[in-house]
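Position one of the sequence shown corresponds to residue 691 (the working numbering), numbered consecutively onward.
Since the structure comes first, as structure tokens, the remarks are kept for the end.
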Amino acid sequence: VDVVCGGPPCQGISGYNRNREFDEPFKCEKNKQIIVFMDIIQFLRPKYVCMENVLDILKFADATLARYALSRLIGMHYQSKLGIMAAGCYGLPQFRMRVFLLGCHPEEKLPPFPLPTHGAIVKNSCPLAFERNLVGWSDSTAVQLETPIVLEDILSDLPKVGNAEDRDEMPYVKAPQTEFQRYIRTFSSEVQGPKSHAAKSKSKKSKPKLYDHRPLALGNDNYLRVLQIPKKKGANFRDLPGVIVGSDNVAKLDPTKERVLLPSGRPLVLDCVLTYEDGRCLRPFGRLWWDEVVGTVLTCPNIRMQVTMILSSLFTWLIILKYLIRN
691 VDVVCGGPPC QGISGYNRNR EFDEPFKCEK NKQIIVFMDI IQFLRPKYVC MENVLDILKF
751 ADATLARYAL SRLIGMHYQS KLGIMAAGCY GLPQFRMRVF LLGCHPEEKL PPFPLPTHGA
811 IVKNSCPLAF ERNLVGWSDS TAVQLETPIV LEDILSDLPK VGNAEDRDEM PYVKAPQTEF
871 QRYIRTFSSE VQGPKSHAAK SKSKKSKPKL YDHRPLALGN DNYLRVLQIP KKKGANFRDL
931 PGVIVGSDNV AKLDPTKERV LLPSGRPLVL DCVLTYEDGR CLRPFGRLWW DEVVGTVLTC
991 PNIRMQVTMI LSSLFTWLII LKYLIRN
């Protein structure tokens, strides 16, 4: 076996999990998969190993799981190193810091981590104890990085879709606006090379199709809530009628006003968004703007707890599959 590459589950580590096992990290079945991953390495003895995980693996439980993985590799006499890289530094519109653990046989050469190619809009930072593991150019190296990629760079060529959109395929309505969009539309045969002359001829005649341009379909109540979020940068649930923000930056209902109800009889402003992170969180029902990036992309966006709407100056999109794919 030449290479084993994998990413053990992050759910038991991630800060989005409010029921993590801090005192006994390996009590969680998902965290035990790091043990399984290292057992596979010990059995197969590949020339190279690459393990990826979320940044919280260095924050959770004094980095117990990261230290375990690194010690297992060293114990198997693998050359090993740990690096932290941010997706935004490599041409994506999200910051998304990730931890990579590389290892190789003593007789092989341990490859370097790829250095950043783009500037980035910083969303968070790495733990102080692991700052030296952040992959980047040295301060003494003069390098001209590409301009940061933002949401407009990847999404401005996409047509407007509604909450009920269910088509798997549709035509593009405008030409690509950026180099990223031109690249993302490139046929696989143009990137990898056609398998035959017929395939090459077909690729020249065909026009790129737009696939999976569908939003996360919302129920009627949440959809009505979304429509009331103002179309401005930084808007969120705090802009809904009946919400006030105190000097302590805590959002709460205005006691002098009657609570606004939806036609269903349910409240416009949910209790859960008022209590989330003690009322200080700005993410519930939040909007993203064209000149922004996201911190990270979740497998299943939760509009009540995360920034999950994309807004241009003209219209609103709920989180769309194509947005997740292009990120």
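Note that the Cβ used here is the ideal one computed from N, Cα and C, for glycine as well.
Model, not experiment: these values are computed from the prediction.
Item: In three-state terms, what does DSSP make of V863?; Value: coil
Item: On the three-state DSSP scale, how would you describe V933?; Value: strand
Item: Note down the Cα distance separating F790 from L782, rounded to an integer number of angstroms.; Value: 18 Å
Item: Mapping the DSSP letters down to three states, classify F750 as helix, strand or coil.; Value: helix
Item: Measuring CA to CA, which of I747, G702, C794, E742 is closest to D692?; Value: C794
Item: Please classify G702 as buried or exposed, where buried requires at least 16 neighbouring CB atoms within 10 angstroms.; Value: buried
Item: Per DSSP, what kind of secondary structure is Q701 in: helix, strand or coil?; Value: coil
Item: Who are the Cβ neighbours of G773 in its own chain at under 6 Å, not counting the five residues just before and after it?; Value: F790, F803, N823, V825
Item: When you compare the segment 922-932 with the segment 899-906, are there three or more beta-carbon pairs, one atom per stretch, that lie closer than 8 Å?; Value: no
Item: Going by beta-carbon coordinates alone, are L632 and L952 separated by less than 8 Å?; Value: The structure shown does not extend to residue 632, since the chain is modelled only from 691 through 1017, so no value can be given for it.
Item: Select from K717, R762, P817 the residue whose C-alpha is nearest the C-alpha of D729.; Value: R762
Item: Is I774 near the ligand PLP, judged by its Cβ being under 7 Å from some heavy atom?; Value: Here there are no bound small molecules, and the ligand PLP is not part of this structure.
Item: Helix, strand or coil for S828 per DSSP?; Value: coil
Item: Rounded to whole angstroms, what is the Cα-Cα separation between L745 and Y768?; Value: 23 Å
Item: For a test of the three-state rule: what should DSSP assign to L943, helix, strand or coil?; Value: strand
Item: Quick check: R970 and D911, are their CB atoms within less than 8 Å of each other?; Value: no
Item: Kindly identify the DSSP beta-bridge partner or partners of S770.; Value: G793
Item: How would you label N743, buried or exposed, when you count the other beta carbons within 10 angstroms and need 16 or more for buried?; Value: buried
Item: In terms of residue numbering, what span does the beta strand (DSSP E) encompassing N743 cover?; Value: 738-744
Item: What does a CB cutoff of less than 6 Å around P931 pick up in its chain, not counting 5 residues either side in sequence?; Value: V950
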